[in-house]
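Numbers 2 to 181, taken from this note's numbering, label the letters of the sequence shown in order.
Here the structure is laid out as structure tokens; the discussion comes afterwards.
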Amino acid sequence: MTVLRLGAEQLTLRTGELAELLADTVNAGASVGFLAPLGRDRALAWWRGRADAVAAGQLAVWAALDGAGRAVGTVGLAFPDKPNSRHRAELVKLMVHRDARGQGVGRGLLAAAEAAAADAGITLLHLDTETDSPAEHLYRSAGWTRAGIIPDYALDPYGVLRPTTLYYKRLDERADAPAR
Numbered sequence: 002m003t004v005l006r007l008g009a010e011q012l013t014l015r016t017g018e019l020a021e022l023l024a025d026t027v028n029a030g031a032s033v034g035f036l037a038p039l040g041r042d043r044a045l046a047w048w049r050g051r052a053d054a055v056a057a058g059q060l061a062v063w064a065a066l067d068g069a070g071r072a073v074g075t076v077g078l079a080f081p082d083k084p085n086s087r088h089r090a091e092l093v094k095l096m097v098h099r100d101a102r103g104q105g106v107g108r109g110l111l112a113a114a115e116a117a118a119a120d121a122g123i124t125l126l127h128l129d130t131e132t133d134s135p136a137e138h139l140y141r142s143a144g145w146t147r148a149g150i151i152p153d154y155a156l157d158p159y160g161v162l163r164p165t166t167l168y169y170k171r172l173d174e175r176a177d178a179p180a181r
């Protein structure tokens, strides 16, 4: 597996396979903001909408590529635009294709995003994930701290209100890392 940070042009070139990944993730039951069934056209439109944010530096996106070069996972970091919050970023849309689960793809993506955040001078990451989802085990085992649960936060892919768990992770402050 190779983890690659995608620029806006690379993201645009890979929207088809990223759309397939998003649809597979949602249709397999993962709560990443969409309802099932999620079709290719809606998934394509969503990914196409991310390219401008990547180009503007508001969003960083990584793709995990399998041996054939196909995107089997992705994760993003969303950077706030407020001056008082430039030290933090939100980990967003960690997705792994159901055929690639259990192979370290999620862990590799998480490690790449955390390392890039630290290199960019980010000292605090945060995320939310559906309570009791398989992703919670990954975050806990990677050193993330549970901050709390919000009940009835979002609909799962099948339209049922579910709670979300908030997590954060402090990154090592590095004197050599420039502030964003």
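The C-beta atom is built at its ideal place from N, Cα and C for all residues, glycine as well.
Because the structure is a prediction, the values reported are computed rather than measured.
From residue i to residue j, what distance separates their C-alpha atoms?
i: Val-106; j: Ala-136; result: 12 Å
i: Leu-125; j: Arg-171; result: 5 Å
i: Ala-180; j: Ala-79; result: Here Ala-180 scores only 49 on pLDDT, less than 50, and its place in the model should not be relied on; the value that follows carries that caveat. Taking the straight line from one Cα to the other gives about 16 Å.
i: Leu-111; j: Pro-81; result: 19 Å
i: His-127; j: Ala-69; result: 32 Å
i: Ala-178; j: Arg-71; result: Low confidence applies to Ala-178: its pLDDT is 44, below 50, so where it sits in the model is not reliable, and the reading given next is rough at best. Roughly 32 Å between the two C-alpha positions.
i: Glu-10; j: Asp-53; result: 10 Å
i: Glu-91; j: Val-73; result: 21 Å
Since residue i is in the alpha helix (DSSP H), which residue starts that stretch and which ends it?
i: Pro-135; result: 135-142
i: Gly-107; result: 106-120
i: Thr-124; result: No alpha helix (DSSP H) holds Thr-124; DSSP gives it neither H nor E.
i: Leu-22; result: 16-28
i: Val-55; result: 52-56
Considering only DSSP beta bridges, list what residue i is partnered with.
i: Ala-65; result: Val-4 and Gly-74
i: Arg-163; result: Ala-155
Can you give me the Cβ contacts of residue i inside the same chain, cut-off strictly under 7 Å, excluding the 5 residues immediately before and after it?
i: Gly-8; result: Val-55
i: Val-4; result: Trp-63, Ala-65, Gly-109, Leu-110 and Ala-113
Assuming the contact rule is C-beta atoms closer than 8 Å, residue i and residue j should be a hit. Round their C-beta distance to whole Å, please.
i: Trp-48; j: Ala-20; result: 5 Å
i: Thr-130; j: Thr-166; result: 6 Å
i: Leu-14; j: His-98; result: That pair is no contact at about 18 Å.
From what residue to what residue does the beta strand (DSSP E) around residue i run?
i: Ala-90; result: 89-97
i: Leu-45; result: Looking at the DSSP string, Leu-45 is not in any beta strand (DSSP E); the run it does join, the alpha helix (DSSP H), is 41-49.
In its own chain, which residues sit with a C-beta less than 8 Å from the C-beta of residue i, not counting the 5 before and 5 after it?
i: Leu-12; result: Leu-19, Trp-48, Arg-51, Ala-52, Val-55 and Val-62
Beta-carbon of residue i versus every beta-carbon of chain B: anything under 8 Å?
i: Val-62; result: Although the question refers to chain B, the structure presented lacks it and comprises just one protein chain.
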